[in-house]
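These notes are about the structure you will find just below.
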Amino acid sequence: MANAKPRVKLPKSAAKGEIVQIKTLISHKMESGQRVDSKTGEKIPRQIINKFVCAFNGKEVFSADWHGAVSANPYMSFYLKATESGTFEFTWTDDDGSVYTKTAELAVQ
Amino acid sequence: MTISKATETPSRRQVLITLATGSFALATITALPRWAKADTAAVDAATKELIGDATPSEGRITLDLPQIAENGNTVPLTVEVDSPMSEADYCKAVHVFAEGNPLPNVASFRFTPACGQAFASTRIRLAKTQNVIAVAEMSNGSVYTAKAEVKVTIGGCGG
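Protein chains in written order, with this note's numbering: chain A, 354 to 462; chain B, -7 to 151.
Here it is in structure tokens:
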């Protein structure tokens, strides 16, 4: 899907040791592979984002495997303990092989 | 002297009521256990594939889902595991399954000690009223499970 738009929300800064919440959202139809085309009577092939990965300073900290039962425009929220300043890299992998990425900064005082 | 008619011969109304309740009871007995069994078997098979033969015990998981979901296309799901999330003892993964969906797997969340808290929240599709099951894998090999029932008004699989 060419028009998948990733969005990420997290605090700009955090105190050392604080647990921060990260919220992510990406626009994607998440075609489950269960729907039937009413005109042809054939099943619409599955096209979903099957993998979400969050890495902090190059190290994977959280990941999720998604199946057909994840809603369209998948939302994902999780926590991370702030230990050092750095860069988040979020990666979504599509069934068709495309990869969507987004980065965000976190400053730790 | 008056004798009520009903004691002598059953009235038409009584016969109809007995027939109706009897056949309804019979229908529910034959219909219910069959579908419940098939669904849990699919979830059991999917669980085995992901975590192996470990037998899960109850507890430590908070599985938060609405009791009634009006729209099965987006049902908010939050799962939290009670774990210190230290290098020595943390929750490795949480797998979510739906008993009544065409495919039992929903999602798997993989945590690291850097998370600080084993918490994940997303939105899922549910085809009909059913049980949603969460299975948590801890770093020491123990496995926990939790279950929540969701009543779905409009199914979310586009069937």
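C-beta atoms are modelled at their ideal positions from N, C-alpha and C, and glycine is treated no differently.
Taking the alpha-carbon positions, what's the residue i to residue j distance?
{"i": "T39/B", "j": "H87/B", "result": "8 angstroms"}
{"i": "T454/A", "j": "T446/A", "result": "9 angstroms"}
{"i": "I402/A", "j": "E129/B", "result": "23 angstroms"}
{"i": "A126/B", "j": "T54/B", "result": "9 angstroms"}
{"i": "H381/A", "j": "W419/A", "result": "13 angstroms"}
{"i": "I116/B", "j": "K139/B", "result": "15 angstroms"}
{"i": "K376/A", "j": "E458/A", "result": "14 angstroms"}
{"i": "T444/A", "j": "F409/A", "result": "12 angstroms"}
{"i": "Y432/A", "j": "T137/B", "result": "21 angstroms"}
{"i": "A110/B", "j": "R52/B", "result": "11 angstroms"}
{"i": "S416/A", "j": "M429/A", "result": "10 angstroms"}
{"i": "I372/A", "j": "M383/A", "result": "30 angstroms"}
{"i": "V98/B", "j": "R399/A", "result": "14 angstroms"}
{"i": "A37/B", "j": "S49/B", "result": "17 angstroms"}
{"i": "K365/A", "j": "T456/A", "result": "12 angstroms"}
{"i": "S100/B", "j": "G44/B", "result": "15 angstroms"}
{"i": "A112/B", "j": "T393/A", "result": "39 angstroms"}
Between the Cα of residue i and the Cα atoms of the options, which residue gives the shortest distance?
{"i": "Q374/A", "options": "Q387/A, A435/A, V452/A", "result": "A435/A"}
{"i": "G421/A", "options": "D56/B, P68/B, L95/B, P58/B", "result": "L95/B"}
{"i": "C83/B", "options": "P105/B, E50/B, I116/B, V144/B", "result": "P105/B"}
{"i": "T121/B", "options": "E72/B, R102/B, G64/B", "result": "G64/B"}
{"i": "A80/B", "options": "V144/B, E141/B, G133/B, R4/B", "result": "G133/B"}
{"i": "A119/B", "options": "S131/B, F89/B, F103/B, V135/B", "result": "F89/B"}
{"i": "D91/B", "options": "L69/B, F103/B, N123/B", "result": "The identity of residue 91/B in the sequence shown is Glu, whereas the question assumes Asp. For the residues L69/B, F103/B, N123/B, the minimum Cα distance to E91/B belongs to N123/B."}
{"i": "K362/A", "options": "D390/A, V461/A, F441/A, Q462/A", "result": "F441/A"}
{"i": "G411/A", "options": "S438/A, K396/A, K392/A, V461/A", "result": "S438/A"}
{"i": "F405/A", "options": "T114/B, S3/B, A61/B", "result": "T114/B"}
{"i": "P68/B", "options": "D74/B, L57/B, E41/B", "result": "L57/B"}
Identify the contact partners of residue i in chain A, using a Cβ-Cβ distance below 7 angstroms as the criterion.
{"i": "P94/B", "result": "Q387"}
{"i": "T66/B", "result": "S424"}
Which residues in chain B have a C-beta closer than 7 angstroms to the C-beta of residue i? List them in chain order.
{"i": "I379/A", "result": "What I379/A touches in chain B: nothing, since even the nearest Cβ is about 12 angstroms away."}
{"i": "Y453/A", "result": "Near Y453/A there are no residues of chain B at all, since even the closest Cβ is about 17 angstroms away, more than 7 angstroms."}
Using the beta-carbon of each residue, which ones in chain B are nearer than 9 angstroms to residue i?
{"i": "S430/A", "result": "T70, F111, A112, S113, T114"}
Which residues in chain B have a C-beta closer than 8 angstroms to the C-beta of residue i? List them in chain order.
{"i": "L433/A", "result": "A106, C107, G108"}
Going by other Cβ atoms of all chains shown within 10 Å of its Cβ, with 16 needed for buried, is residue i buried or exposed?
{"i": "P471/A", "result": "Given a span of 354 to 462 for chain A in the structure shown, any question on residue 471/A remains unanswerable."}
{"i": "Q387/A", "result": "buried"}
{"i": "I379/A", "result": "buried"}
{"i": "E72/B", "result": "buried"}
Q | Interface positions of the stretch 402 to 428 of chain A facing chain B (Cβ-Cβ less than 8 angstroms), listed along the chain | A | Against chain B - using a Cβ distance shorter than 8 angstroms - the residues of the stretch 402 to 428 of chain A are F409, K412, E413, V414, F415, S416, A417, D418, W419, H420, G421, A422, V423, S424, A425, P427, Y428.
Q: Please name the residues in the stretch 89 to 119 of chain B whose beta-carbon is closer than 7 angstroms to at least one beta-carbon of chain A, in chain order.
A: Cβ contacts with chain A: A90, N93, P94, L95, N97, V98, A99, S100, F101, R102, F103, T104, A106, C107, G108, Q109, F111, A112, S113, T114, R115, I116, R117.
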